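Trainee:
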Amino acid sequence: MHSIIYITTKNRQEADKIVDTLLGEKLIACANVFPVASKFWWKGRIERCSETAVICKTKSKLASAVIKRSKQLHSYDVPDAIEISIRSGNKNFLRWIDDSTR
13 MHSIIYITTK
23 NRQEADKIVD
33 TLLGEKLIAC
43 ANVFPVASKF
53 WWKGRIERCS
63 ETAVICKTKS
73 KLASAVIKRS
83 KQLHSYDVPD
93 AIEISIRSGN
103 KNFLRWIDDS
113 TR
């Protein structure tokens, strides 16, 4: 089983710090990092801001560790870090995820 962990961060520097740590600890096989425009409820108001999103690929058994570690490195009070299960995909790619992580 494999998972995607979706994380939003305040900027590219924070995203890179999180991704570099997760890769270095072999918790993820890879990540995509890109700018996003976000809108959300915060303290009773709708907020808008620019953020940097991260899509991480990993084994499902590592998903909780990825979320926990990303929260430790994150600057937000309530970090967005969610797991999305991968139901199917390129078997060679999924095998590569297995080979590239703990």
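All residue numbers for the sequence shown refer to the working numbering, where the first residue is 13 and numbers rise by one. For every residue, glycine included, the Cβ atom is placed at its ideal position computed from N, Cα and C. All values derive from a computational prediction rather than experimental measurement.
1) Which parts of the segment 17–47 are runs of the alpha helix (DSSP H), unbroken and 4 residues or longer, counting only runs that do not cross its ends?
2) Checking the sheet assignment: what are the DSSP bridge partners for Ser62?
3) Distance, Cα to Cα, Ile96 vs Ser15?
4) How many angstroms separate the CA atom of Glu59 from the CA atom of Asp111?
5) Drop a sphere of 10 angstroms on the beta-carbon of Ile94, count the other beta-carbons inside from all chains shown, and report buried for 16 or more, exposed for fewer.
Mentor: The answer reads as follows:
1) Fully enclosed alpha helix (DSSP H) runs of no fewer than 4 residues occupy 24–36 of the segment 17–47, in order along the chain.
2) In the DSSP output, where bridge partners are listed per residue, Ser62 has Ala49.
3) Looking at the backbone, the Cα of Ile96 and that of Ser15 are separated by about 6 Å.
4) Rounded to whole angstroms, Glu59 and Asp111 show a C-alpha spacing of 40 Å.
5) Label assigned to Ile94: exposed.
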